[in-house]
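Numbering (the UniProt record's numbering), first residue to last: 1 to 224.
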Amino acid sequence: MAQHTRAERKVKQRKTNRILNTAIAVVVLLIIVVAFTIFSGGQDESANQPEQQVENNSSTASQTEKADDEQSSEAPAEEEPSGDSSEDETAVADEEEDKEKEEENEDNQEEVVVKESDKANVEEEIVDPNWSPVGTSQSGNHTSSFDQGSVDWQEKEQALSYATGIPQENMTVWYISGNGPDSAIGTVSTKSNPDEAYRVFITWVDGEGWKPTKMYKLEHNDKR
């Protein structure tokens, strides 16, 4: 009876040992599997990270280039210097220079002398010290001409217009006569008002033309 019990115990002990060994083997196997899984997963994740980083970097670089292109297209183009601006500046400078010359001439202007006269048919006697010769196209020895088609006659009319301020196209020349070899007297009026007449004394200046020296404002046109 006792032997039978010991035999049963041995059998049970063997079964228990076998179960324990199997369980240990299973546990060890599970540990190996888990360790392998963890190790393999870590390597895969490490391998994927550089690829993902490269993709992210490429995407970032692409977005940066796109943003730069948009900024370049939106940035206003710089205006190229125009040749017109330099021409405008030159014109302005010339205009200012002319204005300064006019102001300087005005400052240097002498006062016009206007006085009543006791001469017959003369209302006022006018002398402008600022009168100058009107210029001439003639050369050589000058001979005063009273031929209405001559250059000298045309230049006499120009001097009469200059002294009175009446444009030649609106001026009627009633009479021009000699007053010595290099002097003349002309009577003129406007076409619209022939009774308001002026008598102008002019003198020849060699190389410069006829120059007004004195002017009478007449009470009435005695050459009409």
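The beta carbon of each residue, even a glycine, is placed where N, CA and C say it ideally should be.
What residue from the options has the CA that sits closest to residue i's CA?
{"i": "W204", "options": "R14, Y175, D98 and A159", "result": "A159"}
{"i": "T213", "options": "K99, H142, E125 and V28", "result": "E125"}
{"i": "V173", "options": "L29, L30, R199 and S183", "result": "R199"}
{"i": "T187", "options": "R9, G140 and H220", "result": "H220"}
{"i": "P167", "options": "P181, S189, S177 and N179", "result": "S189"}
{"i": "D128", "options": "P181, M171, K211 and K10", "result": "K211"}
{"i": "N130", "options": "N21, E111 and K115", "result": "E111"}
{"i": "S144", "options": "G180, E196, N170 and E169", "result": "G180"}
{"i": "I202", "options": "K99, I176 and K191", "result": "I176"}
{"i": "L119", "options": "Y216, R9, K10 and R14", "result": "The amino acid at residue 119 is misidentified as Leu; the sequence shows Lys. Looking at the Cα atoms, Y216 is the closest of the given residues."}
{"i": "G140", "options": "T37, D94, D152 and F146", "result": "D152"}
{"i": "R224", "options": "A197, G207 and D206", "result": "A197"}
{"i": "D206", "options": "Q138, D222, L20 and A93", "result": "Q138"}
{"i": "D195", "options": "R9, N121 and S85", "result": "N121"}
In three-state DSSP terms, what is residue i?
{"i": "I166", "result": "coil"}
{"i": "V54", "result": "Only weak support exists for where V54 lies, its pLDDT of 45 falling under 50; the value from the coordinates is given anyway. Note: V54 maps to helix in three-state DSSP."}
{"i": "W131", "result": "coil"}
{"i": "K10", "result": "helix"}
{"i": "T22", "result": "helix"}
{"i": "S189", "result": "strand"}
{"i": "T136", "result": "coil"}
{"i": "T172", "result": "strand"}
{"i": "S161", "result": "helix"}
{"i": "S145", "result": "coil"}
{"i": "F36", "result": "helix"}
{"i": "S150", "result": "coil"}
For residue i, count neighbouring Cβ atoms within 10 angstroms of its own Cβ and tell me buried if that reaches 16, exposed if not.
{"i": "P133", "result": "buried"}
{"i": "A47", "result": "Only weak support is given to the placement of A47: the predicted model assigns it a pLDDT of 49, under 50, and the value that follows is read from those uncertain coordinates. Exposed, since its Cβ has fewer than 16 Cβ neighbours within 10 Å."}
{"i": "T136", "result": "buried"}
{"i": "E155", "result": "buried"}
{"i": "L29", "result": "exposed"}
{"i": "G209", "result": "buried"}
{"i": "T164", "result": "buried"}
{"i": "L218", "result": "buried"}
{"i": "A184", "result": "buried"}
{"i": "A91", "result": "exposed"}
{"i": "S161", "result": "buried"}
{"i": "E89", "result": "exposed"}
May I ask which residues mark the beginning and end of the beta strand (DSSP E) holding residue i?
{"i": "R199", "result": "A197 to V205"}
{"i": "P181", "result": "Where P181 is concerned, there is no enclosing beta strand (DSSP E), given that its DSSP letter is neither H nor E."}
{"i": "G209", "result": "G209 to L218"}
Checking contacts by CB at 8 Å: is residue i closer than that to chain B?
{"i": "A25", "result": "Of the protein chains in the structure, only one exists, and it is not chain B."}
Problem set entry | Start-end ranges of the beta strand (DSSP E) lying completely within the segment 89–124, minimum 3 residues | Fully enclosed beta strand (DSSP E) runs of 3 or longer: 113–116.
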